[in-house]
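Taking numbering that gives the first Met the number 0, I'd label the letters of the sequence shown as residues 0 to 112. For each residue, glycine too, the CB sits at the ideal point set by N, CA and C. In what follows, a single structure is set out as structure tokens and then discussed.
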Amino acid sequence: MASQKLAGILWLIAGISSGGIAFFLNDPLDLAIFIGGAALAVLLALAMLVRQSPSWVPWSNVLGVAWVLAFGGVILTSLYLPIEQLLSVVWIFGSGLAGAVVAYARRARTSPA
Numbered sequence: 000m001a002s003q004k005l006a007g008i009l010w011l012i013a014g015i016s017s018g019g020i021a022f023f024l025n026d027p028l029d030l031a032i033f034i035g036g037a038a039l040a041v042l043l044a045l046a047m048l049v050r051q052s053p054s055w056v057p058w059s060n061v062l063g064v065a066w067v068l069a070f071g072g073v074i075l076t077s078l079y080l081p082i083e084q085l086l087s088v089v090w091i092f093g094s095g096l097a098g099a100v101v102a103y104a105r106r107a108r109t110s111p112a
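Here it is in structure tokens:
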């Protein structure tokens with residue numbers, strides 16, 4: 000089984016970053032995306048760090064797809080904001096995407112029987 004610690008750490012960074020930025024949001028939809036994303040990312044990160052298992056990789060992939068759709072949409076609707084605020088969303092987008100890609104790249108590879 001390949002190590003999932005790096006993927007777990009990246010998901011933890013994404014979750015904590017998303018939760019921290021949620022305090023500064025006013026839009027209810029953005030608030031729901033950031034808080035929901037934070038909760039799911041932190042839960043997945045803790046699961047990957049505490050109990051490593053190949054079964055977390057599909058969950059990481061699913062959360063990664065949802066992450067790209069949700070935070071990609073937030074980026075597209077926030078293009079009018081100052082660059083500092085836009086870069087914070089890009090940071091969260093990138094760290095979640097990196098967590099999913101690293102988990103997929105380090106998945107346990109089994110040879111066909």
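> Do Ala13 and Ser77 have their C-beta atoms closer together than 8 angstroms?
Replying inline: no
> So, using beta-carbon positions, are Ala31 and Trp10 closer together than 8 angstroms?
Replying inline: no
>> I'd like the list of long-range same chain contacts for Leu24, defined as Cβ closer than 7 angstroms, with 5 residues on each side in sequence excluded.
In response: Leu30 and Phe33
> Is Ser59 helix, strand or coil when you go by DSSP?
Replying inline: helix
> Cβ of Gly72 within 8 angstroms of Cβ of Leu96?
Replying inline: no
> Among residues of its own chain, excluding the 5 on either side of Ala69, which ones have a beta-carbon nearer than 6 angstroms to its beta-carbon?
Replying inline: Ile32
>> Quick check on the burial criterion: 16 or more other C-beta atoms within 10 angstroms. Buried or exposed for Ala104?
In response: exposed
> Going along the chain, which unbroken runs of the alpha helix (DSSP H) with 4 or more residues stay wholly within the segment 23-101?
Replying inline: 27-49 and 55-76
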